[in-house]
Every structure is written in C-alpha cells, then in structure tokens.
Ligand code: ADP
Ligand code: MG
Ligand code: MG
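Numbering (UniProt numbering), first residue to last: 2 to 876.
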C-alpha cells in the first residue's frame, strides 16, 4: 500500500486522496511552477490513524523516511544538519478546503545545532533566530497545546522592554531573550525540554495535523458546510521558503480576479520580510499586490506570468499563496477562489468571451440558490450592525423602516411617505394592504410557507417569519426582545435572506441585474428543456414576471382580487346572501371588476399562457374575524347602542358563526365551494372568457387555462367542468368567438395523484400544488409546522430538510411522479406543471425536470433562479 506521494506524483484530480492542497501542489509542480519540493501523506493514513488508536499504518514510517531522503536530494540540504539544514513545513490539507480550520507547523527541523548551521549558511543570525522562535511557538501551540496567547504575551513583553514597535524591529539579541523565555514556558507547561531530534519533531507534528481534523473549529466548520466526517486530512511536508530573510523577501496571498466584483485585476496583499501566517494575523498592515513591483520587482514580474498560467490551466479564478526568498518566487498553494455571486457571474461570462470556458460550463458554475443574493436590495455589511433577534429567512432582501403593528396604521403612514416595517404575530389576508404598504414584514409566528412568507415572497418583499424571540404586545404597540423594547415608530431593519432583525436603520444597497447576468440567463434558456412560468395575481406582478423572463403565468389566484377595499363589500354581500337570487345580484357587481383584472393581466401576458385558478380559500377569510365581531357586538350592547348598526353586526356575527369550521383548510374550499355555490365560479369563468374574447377582437392573443382547485375525486372535476364548460361555450357564442381555452386541475390532494388517470379523463392539464400536497401528504399544517416542530426535526436530523421548501422526493415526489405517469396514460399530451413554492427551489426544479413536467411556476423574483436551475437539470 502506498501512503506517501512526492509532489508531482499525483495531480489535481486526486483531492480525495491527497487533499485539496496536496493535489494542487502536485499539479503546480507538474506544470512547472516554482513549488518548494515536498511530499503528501494521504488521507488513508489519516483514516488508519483514527481507526487504530492514533497509530501509523505499517510501512508509513519507512515511506516518510524514503521521501525525506528524496526531499534532501532535491533541496540539496540535510534534515537536522548542523551545516546545511533542511527546514520543512508540516501542513494540513483536507479534500474540501477548510481555510484556517486545521493546523500547520513551520520551520520544523530547527534545534540548537541546526540553528547554528542556518546562521552560518545564511550569514543572517537575526533571520535564523526569528525562524527558531516561530518554530518553538507553533510546535508548542499546535503539537503540545501550549497556549498561543502566552507566547504572544512574552513577545509583546520583550518588544515593550526594548521599545520595539514591530516584530521586525527586534534584534538578534532581543530574539535570543524571546527564545529562552519561550523554552521556559514550554518546559513549564509540558514538563519536558523542547525536543531536539528532528524526526521526532516531524512525527509529532504529523500526528498533530491528523488530530487537528477533529479539533472543535474543524468539526463546527464541517457541520456548517456539510463536509463528511469520514474524509480525513492529508499532511504535506514541504521544504521551507523563507519570506523573512530581509527586505528582498516577503510573502502574500492573492486572487487571479477580484473576488467581490469579478473584475480582472491584480488582487491580493503582501508583506515584505515576513512568514506566511503574518499576512492573515494582521500584525503589520499588508500592502496591495498591484504595488509589489516597487519592493520586489523581479518576483512581481514572475507573479504576473503565474496569474495567467494558473487561469489558463485551471480555467477558473484561483486564490493562491506565495513566498519570495531573496527575490525568488515560490508558489505555496492554489485553489478555486471563493467569490460573491456577482463576481461569479462576471467571471463566468468574461471567461467565455476570453475563450477559457464554454457557455455550458459558465452556466453550470453559478449556483442557482445564490441568485437570491442578487435579486433583492442588500444590507450594507461594511458597517457594524446590531442584530437583536433571528427568525426564519422567509423572503430574501433587506429593508428598514419604522415599526407599525397594524395594517391600517402601516398603510396610513406609508401614504404619508414613511418607510414602514409591518410587525405582526402573523398576517392574514386582511393585512394585505399593510404588506403592500410596508417595506418588509416581521412576524413572530408562522413558518416559511405562512401567509406572511408566501405573500412577501410573491411581492418580492423581505420577510422574517416565525421570529419567536420577538414578543409582540399589540395593545401597547411595542415589541420586546429580552429587555429591549421597540415601540411603534422606532426604526428597525430586517434581512430576509438571513432572517435577522437589526436595530435601527441599516443602509441598503440596490440589487444588481447586470448585463452579464442577463447574458448568462440567456445561455441557460438555450440549454433548458423545462418551461418557466410565474405565479402572478396582478398586472404588476405579471410585468415583473415578464421582465425576469417568465414564459407564462402558472398560477393566477383570483381571490386576491376580492380583497381590495373597494371590492370587499360586494364580496361580503355575496357571502351573506340568503338565496341564489341575492347572491347572483352581488356577483353581478363583482363580475365587471374580475373581467377588468383578467383583461389587464392577459394583455401584459399577450401570447403567453395564463393559468387562472378559480376561487380557493374558505369564505370566512373575506369576513371579519369571529373574535373581533364578538368584541364589537358586546361593546355596542354594553354601551346600549341598538338599531341598524348593531343589527348589521349581529347579522354578520351569525354568518361568521355559521361559516366557522374546525379545520378550515380541510373544509368548504376549492372546488367544494364551486360545487356548493356554482354561481361564484360561473361568474369567474364568464369573466375570464369575456375578457379573452374582447381582447381577441382587439387582436391580442390570449391563452387562458382555467384551473379547478382541490380536486380529490373524479366526480368533482366532472361536474364542475360540465357546468363551467357550458358557461364558457355560451360566452364564446355570445361573442361569436373561437378563442381557445383549457380546463384543468390542481393536483394537491394525495388522492388526486393516486387516481390521476381517472381525473385526466376530464382535466386537460395538471398543476401540482405542492404546498397543499406536502401539507396533506405529511399531515403537517403548513402554517404551524415550521414554528412548532419542523425546526426541531431539522436540527435533530429527523427530517433532512424542510419539505415545504424543497420537495420531499420519497413521498411527495413519488406522488407527483405517479400523477404524471397515470395522467399521461390516459392523455399522452397532458401538460403538467408545478405552482407551489417549490417551483422556485433549485433542487425541486431539477426534480421536476426529471419526472417530465412541462414547466415550473414560481414567484416572479425567483424566475431567474428557476431558469438557471432548469438548465442545471440538463447539464
Ligand atoms: P492554511 O491551510 O491554514 O492556509 P497552510 O498550510 O497553507 O495553512 O500554511 C499556513 C501559512 O504558512 C501560509 O501562509 C503558508 O503560505 C505558509 N507556509 C506553509 N508552508 C510553507 C513553506 N514550505 N514555506 C513558506 N511558507 C509556508
Ligand atoms: Mg493556506
Ligand atoms: Mg392549494
């Protein structure tokens, strides 16, 4: 078995075995870049070490010794030699990059006699002593657990005594003092003298690096970044390059392009006369790489060449470490550079025009989920922020404004020009106008698919939901987080992408919809097979949807149109009607308004399909709340007020009581409502077809698709379709029009998916309503589950993910698959889409592609993300 690879034996593809650092050191060696020689002990040795009581596998020691001999040959130095000593670094390096999480020891191989060798060899006593004191410090800290800060105390103490400002101001004599005090500290803490035997130093350091895979920092980092425990780390042993040999030496880090903007420029920092860790440690302020020509001209020329060699070779932006020893440049590390989404897009598009990558690769490189960052205003994080609470990141983007606790108040002050954050325990359809008026919404209850979250996402407004730390007192018009009280009119800011509530007015920066971004999405469009539509209820939403590239509307919810203040009275009249005649009279008032809405939306969406869903929610949602009415009626009675005012309220109370249901989400709603009160849906269908016919006459192409919600049994769609088809035909005849339309259904009740073949007899299209489908498949209330137990399930690994955010493939996904298959058995050309929140979740989009859906539909702001994810599904 082979555990050790000399640099150049492996290559960049061997990250699992050699770790990212080792694989890329090998690769850079291969392509002829100046890398100090060395070797990598692979991750299998690390696995053995952990499985076998922290011991080395058989043969590893021989292999290390053999490679050490090779390293001595290459470097023309000798390990531990009193005349010409070889010093090495011992560096961690896992398969995934874990910057700064694990340990590294530099300048290993120094002892009292090799120190003398290094002094004579370099003629630079100060330098050699500096290496020695660094080594004692790092070895003590990393290998023996001597507190790093204790060393730093000694160092600053000596600096103070001799009046040195910087480390580099210390003379050789000063460093000797530091070293002897370091050694004392080492002995005091460990009970031993500082080890002098180099191979012993090496063995211990290698073990320390293996062990650092399981230090607390590393474990936490792995958890957050989902890096498997089982991977382990490799260990790199490498000849030292000395950046601390004087003013013709130095060290630095860089990126081949600017990682925050993506601009192709020299980006990075360096320090003269320093060793690697000094740059990050912030001991001295580093200088910008673009100015390196002044201090280290020859090395800078070499570095410039290496920028383009690295990019041409890796075909991606790289981040790298380097050290200059007496004017000679050495490369010490390279890896794919982390970048902001904005930079990622610019770099991908630029690299296509530079001919480094093709369009497919460019599309593949952008993580769809990361686009969320770009599509909403952002909080400027360059200043410090006071985060007071954390809730669910329900709708991305940032907003700040004055706190208001009531939708009416919010609307009123917003009309006066004040920026408002609506703060509610939770929101209901009654609060819509407050949400519309507000910059963003904060709720203390409810989950990612709560009303507030869904509405805010639909409108592209930031929302932090289910923020239980915020205790709202609606009477006092204030909320409290621990002892901090925030009153009506106080400023807060929210970051809906992070779920943060911030005290005061944070500065925001506008979203970036660059040309590059558009270009990239265009490439994605040419790759994807899946259609992308938007959920849009208003002409404004529809316009936004088009702007973001939607190819139609997959869900237009008609009930939102009922909520407008000028319409609600007519809607309530309709609900309170005592008989069909009265109801029809009220509906006649609503009909022209509905027709107007549809005309506007159809016009915006000219030539593109629009799926209109008939009324869905239970009727009580359009009436005042039972509790509120009870209070009002009681108040009137107590005050002794009677007459029409009281009568009116009492009548309303009776009706609301009559409509009350224990489980309204499982009650009289969806097609059940249309079956019991056909007049309502007949009016809606007439309005849709009328609108379509009128526009058709004007020459506007309209493709209406009428969607019947909440079907669970074939007979439900059968009888709804019968009466509605009749209305549609009558309307067409009246206009003598030939406008094409379709009737279809939502598949959102598990039974509907199971009997999809029976339902497809009547439905001309399916749209998977995965919010309800998930709710009913799991039996989780989507308005309560997240705040009550789903977070616990997720935290404890009971569910891998929130099924309301990403489709549960094993359960809900299987039902969808079955629905598509059975539906198409009966109707091979059955158009299938999805209109739940999942339509904007990248993994769910990919799943929709694989089960053969025709399109996904999501809120307008997530359309770009869905376009990109749909392309990822193909490549
Ligand atoms: P990390 O993964 O935390 O960056 P590294 O192993 O890259 O740890 O090393 C820490 C620092 O030491 C880096 O600045 C690196 O450039 C420097 N360094 C590592 N090995 C050598 C070496 N052989 N010669 C000079 N500097 C080195
Ligand atoms: Mg590094
Ligand atoms: Mg539904």
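Glycine included, every Cβ here is placed at the ideal spot set by N, Cα and C.
So the candidates are the options; which of them puts its Cα closest to the Cα of residue i?
{"i": "residue 290", "options": "312, 251, 316 and 314", "result": "251"}
{"i": "residue 486", "options": "497, 110, 473 and 262", "result": "473"}
{"i": "residue 615", "options": "415, 689 and 549", "result": "689"}
{"i": "residue 445", "options": "471, 439 and 460", "result": "471"}
{"i": "residue 7", "options": "809, 238, 411 and 508", "result": "238"}
{"i": "residue 64", "options": "79, 81, 91 and 40", "result": "40"}
{"i": "residue 352", "options": "460, 693, 309 and 566", "result": "309"}
{"i": "residue 492", "options": "355, 74 and 420", "result": "420"}
{"i": "residue 527", "options": "741, 31 and 871", "result": "871"}
{"i": "residue 271", "options": "215, 248 and 265", "result": "248"}
{"i": "residue 166", "options": "242, 285 and 626", "result": "285"}
{"i": "residue 287", "options": "147, 254 and 381", "result": "254"}
{"i": "residue 71", "options": "463, 729 and 87", "result": "87"}
{"i": "residue 838", "options": "4, 827, 808 and 830", "result": "808"}
{"i": "residue 357", "options": "314, 21, 333 and 849", "result": "314"}
{"i": "residue 399", "options": "551, 441 and 409", "result": "441"}
{"i": "residue 265", "options": "344, 202 and 524", "result": "344"}
{"i": "residue 749", "options": "721, 816 and 361", "result": "816"}
Pop quiz: residue i and residue j are said to be a contact at Cβ under 8 Å. What is the actual Cβ separation, rounded to whole angstroms?
{"i": "residue 599", "j": "residue 489", "result": "About 39 Å; that fails the 8 Å criterion."}
{"i": "residue 367", "j": "residue 869", "result": "6 Å"}
{"i": "residue 867", "j": "residue 851", "result": "Wrong, their Cβ atoms sit about 15 Å apart, outside the cutoff."}
{"i": "residue 595", "j": "residue 562", "result": "6 Å"}
{"i": "residue 502", "j": "residue 384", "result": "The Cβ separation is near 17 Å, so there is no contact."}
{"i": "residue 318", "j": "residue 338", "result": "5 Å"}
{"i": "residue 139", "j": "residue 107", "result": "6 Å"}
{"i": "residue 110", "j": "residue 144", "result": "Contact flag wrong, Cβ pair sits at about 14 Å."}
{"i": "residue 540", "j": "residue 611", "result": "Not a contact, Cβ separation roughly 11 Å."}
{"i": "residue 104", "j": "residue 236", "result": "10 Å between Cβ atoms; not a contact."}
{"i": "residue 746", "j": "residue 718", "result": "5 Å"}
{"i": "residue 186", "j": "residue 151", "result": "6 Å"}
{"i": "residue 744", "j": "residue 765", "result": "6 Å"}
When we look at the beta-carbon of residue i and count the other beta-carbons within 10 Å, is it buried (16 or more) or exposed?
{"i": "residue 194", "result": "exposed"}
{"i": "residue 53", "result": "exposed"}
{"i": "residue 375", "result": "buried"}
{"i": "residue 639", "result": "exposed"}
{"i": "residue 342", "result": "buried"}
{"i": "residue 790", "result": "exposed"}
{"i": "residue 699", "result": "exposed"}
{"i": "residue 475", "result": "exposed"}
{"i": "residue 735", "result": "exposed"}
{"i": "residue 118", "result": "buried"}
{"i": "residue 793", "result": "exposed"}
{"i": "residue 545", "result": "buried"}
{"i": "residue 30", "result": "buried"}
{"i": "residue 218", "result": "exposed"}
{"i": "residue 661", "result": "exposed"}
{"i": "residue 641", "result": "exposed"}
Does residue i come out as helix, strand or coil in the three-state DSSP assignment?
{"i": "residue 481", "result": "strand"}
{"i": "residue 97", "result": "coil"}
{"i": "residue 558", "result": "strand"}
{"i": "residue 856", "result": "strand"}
{"i": "residue 749", "result": "coil"}
{"i": "residue 126", "result": "helix"}
{"i": "residue 709", "result": "strand"}
{"i": "residue 331", "result": "strand"}
{"i": "residue 384", "result": "coil"}
{"i": "residue 394", "result": "strand"}
{"i": "residue 132", "result": "helix"}
{"i": "residue 599", "result": "helix"}
Any idea which residues DSSP pairs residue i with across the strands?
{"i": "residue 650", "result": "Residue 650 is not bridged to any residue."}
{"i": "residue 146", "result": "Beta-bridge pairing links residue 146 to no other residue."}
{"i": "residue 401", "result": "494"}
{"i": "residue 832", "result": "766"}
{"i": "residue 273", "result": "251"}
{"i": "residue 426", "result": "Per DSSP, none; premise fails for residue 426."}
{"i": "residue 441", "result": "422"}
Of all the CB atoms in chain C, is at least one closer than 7 Å to the CB of residue i?
{"i": "residue 140", "result": "Among the chains of the structure shown, chain C does not appear; only one protein chain is present."}
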